[in-house]
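In what follows, a structure is listed as structure tokens, so that the remarks can point back to it.
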Amino acid sequence: MSTNPIFFFLTAILPYIALIILIDGIIYRLYKWARRPKAAATFTVYPASKGLTRALPKILGQIFLFPKLLREEKALWMGILLFHLSLVMVIVSHYKVFFRYLWFWENLGVSANSFALISDLFDGATGVIMVTSLVFLFARRFPKFLRKLSIPEDYLVLLLILGIAISGIYIRFISTINLLELRRYFSSLVAFTPSNLPTDPIFLFHYSLVLILMIYFPFGKLIHTIGVGLTQLLVRIRVK
Amino acid sequence: MQPTELAAILEQKLTRPSIYHLDVCTRCNACTERCHMYIETKDPIHSPAYKLALLRRVHKRYHTIAGKIAPKLFKAMELNEDNLKEISSAMFECTGCRRCTTHCPLGIDPPWLISTGRFLSFKANKSPEMLSMLSNMAVEKAKNISQYSDLYLQQIKELEVQLQKEIKDPNAKIPVKNKDAELVYIPIAGAHTIMPAAKIFNATGENWSLSQLDSTNYNYFLGNVEAAKEVTGELIKEAENLGVKTVVMSECGHGFRIMRHLATKWFNRTLPFEVKSIAEVMAKYIEENVVKLDPSRNPGIVTYHDPCQLGRNGGIYEEPRMILNQVVTEFRDLTPNREYNWCCGGGGGLVALPEFKDLRMKTGKKKVEQIRETKANIITSMCENCRLQLIDLNDYYKLGLEITSLSDLMANAIIH
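Just so you know, the protein sequences line up as chains A and B, in that order. Numbering-wise (numbering that gives the first Met the number 0), the first sequence opens with residue 0 and increments by one. Numbering-wise (numbering that gives the first Met the number 0), the second sequence opens with residue 0 and increments by one.
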């Protein structure tokens with residue numbers, strides 16, 4: 000397995016390519032945005048707060064909780080919010096994959112066993128919320144109008160993230176992967192001397208989907224993670 | 000024009016905000032069911048997200064690497080005859096009310112792209128003929144205002160005589176070209192916005208001048224900013240020549256939005272005057288007790304329709320309500336109101352275009368439901384397109400309403 004060139008490419012070369020494409024791709028996209036001329040117009044939707052400092056709390060509220068949608072379509076609001084919440088939870092969960100964490104909990108007076116239980120509950124909840132919300136967001140694109148509006152990108156990116164989620168759940172709760180070995184691998188990547196290349200097949204599946212996501216990220220609609228701030232700044236601030 | 004030529008025009012028109020709005024949309028579809036047009040017709044081209052998608056797919060096809068590498072992934076679209084027809088319908092069948100923008104979780108503004116899409120359709124010779132005609136006429140008129148001047152002054156003199164009779168004041172005036180004026184009032188062509196304002200200004204002793212131009216700007220509805228600037232430019236020139244401190248817009252929706260919020264950006268300079276809506280002026284008169292009012296002169300149940308251009312797009316919500324509470328006996332708000340109000344269905348220039356009459360009547364249903372719910376017998380609004388649409392809706396749905404303007408109500412209530 001370790002002499003297989005595809006395996007070597009996937010674990011020792013592709014990660015670097017994916018990271019470069021992710022970072023440079025985002026910079027490239029932002030550069031292409033910035034190159035365009037400013038518009039000779041204002042986009043404020045009234046009522047709006049005057050000036051950035053006053054508008055910022057409202058803007059953040061709009062971005063993270065989008066209350067205007069809650070007023071109108073509760074199910075969609077819940078699906079979007081839960082999905083993005085689960086993304087935040089996933090980032091928190093992955094901390095312990097890469098870094099030492101027990102010192103923090105021991106300082107709080109939480110034993111390793113107690114932490115294991117907290118972690119199981121938290122990660123379990125993350126998995127359930129993420130998979131349910133993804134299935135909802137995917138299924139809703141099949142009936143009637145949404146089928147006309149959605150493009151292949153919409154379905155594929157949801158399936159991609161769903162694949163990452165399900166394989167992630169498997170790794171977390173079922174497989175017996177060695178976390179220490181994984182940490183050595185990622186450290187070796189940072190040091191530009193790849194070693195301890197991971198061989199677990201489900202992990203490799205999870206990993207390759209993540210790398211594909213990183214490569215795709217700058218070029219599709221996921222750029223809304225960065226763009227949402229820019230559009231809200233146009234719409235939710237007034238000058239006079 | 001060749002598809003690539005049209006695509007180049009589209010590309011050139013896509014500003015920084017345009018590309019944000021195109022690239023950030025995730026097709027979440029929060030906007031679609033907020034649109035009064037889609038709700039009634041269920042036609043995909045009436046969905047704001049779908050309209051954006053049409054332009055985005057063209058943009059991907061001609062101007063992005065991603066779109067050239069993986070066209071099927073992004074459903075890249077050619078600018079052929081059929082697609083241009085669909086784009087044109089999607090772009091012109093919109094009132095620009097921005098109810099979609101108000102609700103978008105990402106803060107995307109579909110009407111901004113729709114304006115660009117209209118310009119693209121115009122360049123592809125697929126815009127409504129009447130709109131192109133009105134737009135050309137508007138530019139001609141603005142450039143040749145001196146030719147119409149004598150006739151206009153004569154008509155205003157006749158109106159002045161009528162004014163003097165109506166308010167029983169032989170000294171009442173409708174001043175034109177008044178260089179001492181503090182403010183210039185920009186009407187919509189026709190006595191209906193001049194008379195009520197003249198009555199109010201005469202009662203308050205305001206030092207004013209009536210503009211020789213009017214507030215409408217059809218090129219704005221065509222997305223043709225260059226031509227729209229020719230018309231607005233004349234208004235600015237007139238105000239500068241008169242040396243007024245304030246330009247007061249009559250009850251015209253898009254006219255107010257353009258002068259107040261867009262003109263400084265269009266011309267890239269601060270204008271040497273304030274721009275106010277007649278609502279703000281009337282509200283100030285009432286606050287400062289400059290006139291005596293008798294609300295019993297406006298009996299009946301009165302409701303107010305927030306015009307999209309004055310409300311969501313203009314920021315004028317409270318002044319009309321404050322005025323109505325003082326000049327009518329019973330005022331009832333519509334539900335929902337202010338930024339959540341439903342568009343009347345007549346905006347975006349549609350009211351002037353005969354081929355959209357059926358669509359307007361169909362998509363005005365939400366408005367009709369709102370009005371019926373209040374049991375009002377009088378409805379007022381501060382936008383001419385809204386009033387014309389309400390008149391048509393009143394006729395079509397037999398609502399038994401009286402449609403009036405805010406300045407009419409106040410002028411009626413003034414005790415001279």
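Cβ atoms here follow ideal geometry from the backbone N, Cα and C, with glycine treated the same way.
Cβ distance (whole Å) where B:Cys382 is taken to contact B:Cys96 below 8 Å: In fact, because the Cβ distance is near 11 Å, the residues do not count as touching under 8 Å.
Under 9 Å, Cβ to Cβ, is there at least one residue of chain A near B:Trp341? no
Helix or strand or just coil, what does DSSP make of B:Leu374? For the record, residue 374 of chain B in the displayed sequence is Lys; it is not Leu. B:Lys374: coil per DSSP, three-state reduction.
Does the stretch 244–261 of chain B come within contact of the stretch 270–280 of chain B, defined as at least 3 CB pairs closer than 8 Å? Using a C-beta cut-off of 8 Å, the stretch 244–261 of chain B makes contact with the stretch 270–280 of chain B, since at least three inter-stretch Cβ pairs fall below that distance.
Cβ of A:Thr230 within 9 Å of any chain B Cβ: yes
Check whether the stretch 26–44 of chain B touches the stretch 97–109 of chain B, counting contact only when three or more Cβ pairs, one atom from each stretch, lie closer than 8 Å. yes
Quick one: which residues of the stretch 241–255 of chain B get their C-beta closer than 9 Å to a C-beta of chain A? List them in chain order. none
Enclosing beta strand (DSSP E) for B:Leu209 [first to last residue]: 207–209
Please report the straight-line C-alpha distance between A:Leu210 and B:Gln369, rounded to a whole angstrom. Spanning the two alpha carbons is a distance of roughly 52 Å.
Presumed contact (8 Å Cβ cut-off) between A:Val156 and A:Thr125, rounded CB distance: Wrong, their Cβ atoms sit about 19 Å apart, outside the cutoff.
Is the separation between the beta-carbon of A:Leu80 and that of A:Ile225 shorter than 9 Å? no
Quick one: Cα of A:Ala138 to Cα of A:Lys147, how far? Their Cα atoms are separated by approximately 14 Å.
Members of the stretch 7–27 of chain B near chain A, C-beta cut-off 8 Å: Leu13, Thr14, Arg15, Pro16, Ser17, Ile18, Tyr19, His20, Asp22, Val23, Cys24, Thr25, Arg26, Cys27
Inspect the CB distances between the stretch 199–214 of chain A and the stretch 52–70 of chain B and report whether three or more fall short of 8 Å. no
Interface residues of chain B facing A:His223 [CB-CB closer than 8 Å]: Asp22, Val23, Cys24, Thr25, Leu105
Answer yes or no: the CB of B:Gly310 versus the heavy atoms of the ligand NAP, is any distance below 8 Å? The ligand content of the structure shown is nil, which means the ligand NAP is not present either.
Can you give the Cα-Cα distance for B:Leu270 and B:Ser131, rounded to whole angstroms? If I take the Cα positions, the gap works out to 29 Å.
A:Lys31 and B:Val23 closer than 9 Å at C-beta: no
Are the C-beta of A:Thr131 and some C-beta of chain B separated by less than 9 Å? no
Looking only at DSSP bridge pairs, what is B:Asp332 linked to? B:Tyr303
For chain B, find out if any of its Cβ atoms is closer than 9 Å to the Cβ of A:Tyr45; answer yes or no. Using beta-carbon distances, A:Tyr45 counts as an interface residue toward chain B, with a partner under 9 Å.
Could you check how far apart the C-beta atoms of B:Thr203 and B:Val289 are, in whole angstroms? I think they sit under 8 Å. 5 Å
Would you please state the rounded distance, in angstroms, between the beta carbons of A:Ser186 and A:Pro193? I believe it to be under 8 Å. Incorrect: roughly 10 Å between the Cβ atoms, too far for contact.
Unbroken stretches of the alpha helix (DSSP H), 4 residues or longer, contained in the stretch 28–115 of chain B: 35–40, 47–62, 64–68, 70–73, 80–91, 98–102
Hey, B:Val246 and B:Ile185 are a contact pair by Cβ (cut 8 Å); roughly how many whole angstroms apart? 6 Å
Looking at the C-beta of B:Glu39, does it have a partner C-beta in chain A at a distance below 9 Å? Not one beta carbon of chain A lies nearer than 9 Å to the beta carbon of B:Glu39.
Kindly confirm or deny that the stretch 159–174 of chain A and the stretch 197–205 of chain A touch, where touching means at least three C-beta pairs closer than 8 Å. The stretch 159–174 of chain A, when compared against the stretch 197–205 of chain A, does touch it at the 8 Å Cβ threshold.
B:Glu4 to B:Leu221 span [Cα, whole Å]: 19 Å
Determine the extent of the alpha helix (DSSP H) in which A:Ser304 is found, giving its start and end residues. Outside the displayed range of chain A (0 to 239) lies residue 304 of chain A, so it cannot be described from this structure.
Where A:Arg34 sits in the DSSP three-state scheme: helix
Got a sec? Which residues, its chain only, sit under 7 Å from B:Tyr395 by beta carbon, not counting five neighbours each side? Closer than 7 Å at Cβ, skipping near neighbours: Met360.
By the DSSP assignment, the beta strand (DSSP E) with B:Lys275 in it spans what residues? 273–276
So if DSSP puts B:Val183 in a beta bridge, which residue, or which two residues, is it bridged to? According to DSSP, residue pairing for B:Val183 in a beta bridge involves B:Ser208, B:Val246.
From the DSSP secondary-structure annotation, give me the bridge partner or partners of B:Glu286. Residue pairing by DSSP places B:Glu286 in no beta bridge whatsoever.
By the criterion of Cβ-Cβ separation under 8 Å, what are the contact partners of A:Leu233 in chain B? Pro16, Tyr19, Gly106, Asp108
Let's test the definition: count the other Cβ atoms within 10 Å of the Cβ of B:Ile315 and tell me whether it reaches 16, buried, or not, exposed. buried
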